[in-house]
Amino acid sequence: MYGGIEMDIYKQLLYILSFSFLGEVLSKVFTLPIPGSVIGMLLLFLALQFKLLKVKDVETVGGFLLGNLSILFLPAGVGIMVYFPVIKDTWWLLLIISLLTTAFTIGFVGLIVQGVKRKFEDNSVDLPKDRKDDAKSVSRTYK
Numbered sequence: 002m003y004g005g006i007e008m009d010i011y012k013q014l015l016y017i018l019s020f021s022f023l024g025e026v027l028s029k030v031f032t033l034p035i036p037g038s039v040i041g042m043l044l045l046f047l048a049l050q051f052k053l054l055k056v057k058d059v060e061t062v063g064g065f066l067l068g069n070l071s072i073l074f075l076p077a078g079v080g081i082m083v084y085f086p087v088i089k090d091t092w093w094l095l096l097i098i099s100l101l102t103t104a105f106t107i108g109f110v111g112l113i114v115q116g117v118k119r120k121f122e123d124n125s126v127d128l129p130k131d132r133k134d135d136a137k138s139v140s141r142t143y144k
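Mapping of the sequence shown onto my numbering: residues 2 to 144, in sequence order.
Here you go:
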């Protein structure tokens with residue numbers, strides 16, 4: 002009677018919101034300079050890493066939130082418009098900083114990806130002859 006997908010969604014949402022709330026509490030109690038939501042997501046990540054929580058326990062709601070992430074930035078955008086009189090003299094500086102940090106981040110991530118790719122290419126495994134045919138058929142299937 003009280004099962005099914007609806008109950009799973011409520012449970013998953015409860016897990017995510019509980020970690021977020023715990024992060025907020027820790028941030029306020031210990032007066033940390035890190036936002037509570039960041040602490041909460043870090044705690045959720047650690048719970049997943051140490052297998053205290055399974056991915057399937059937050060997968061559906063987490064996927065939904067990630068799929069609709071752009072709508073969560075609307076309040077921040079509206080906030081910028083509301084406070085435009087405050088930043089009207091320095092908006093160009095904020096724009097330059099945003100563009101430079103975006104370019105730096107893209108470049109840095111590119112370097113990391115190249116390094117990881119090089120590391121894994123060096124550690125490639127040779128398949129036995131009878132398994133190479135299987136690998137070719139799989140690669141043809143996914144191209």
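Glycine included, each C-beta is placed from N, C-alpha and C at the ideal position.
Legend entry - Reduced DSSP category for Tyr11 - H, G, I as helix; E, B as strand; rest coil: helix
Inset, instruction - Using 10 angstroms around the beta-carbon of Gly80, count the other beta-carbons present and answer buried if the total reaches 16, otherwise exposed. - result: exposed
Inset, instruction - Quick one: which unbroken alpha helix (DSSP H) runs of 4-plus residues sit fully inside the stretch 40–123? Chain order, please. - result: 60–68, 75–83, 85–88 and 92–123
Inset, instruction - Name the residue from Val59, Gly24 and Val30 whose alpha carbon lies nearest to the alpha carbon of Asp9. - result: Val59
Legend entry - Exposure of Ile40, with buried meaning 16 or more beta-carbon neighbours within 10 Å: buried
Legend entry - C-beta atoms of Leu54 and Leu45 nearer than 9 Å: yes
Legend entry - Buried or exposed by the 16-neighbour rule on C-beta atoms within 10 Å, applied to Val62: buried
Inset, instruction - Report buried or exposed for Gly5, applying the criterion of at least 16 other Cβ atoms within 10 angstroms of its Cβ. - result: exposed
Inset, instruction - Determine the direct distance from the alpha carbon of Lys118 to that of Leu100, and round the result to whole angstroms. - result: 27 Å
Inset, instruction - Measure how close the beta-carbons of Leu67 and Val56 come, nearest whole angstrom, since I'm counting them as under 8 Å. - result: Incorrect: roughly 13 Å between the Cβ atoms, too far for contact.
Legend entry - Phe105 burial status per 10 Å Cβ neighbour count (16 or more: buried): exposed
Inset, instruction - Quick one: using the 10 Å Cβ neighbour count with 16 as the cut-off for buried, is Phe109 buried or exposed? - result: exposed
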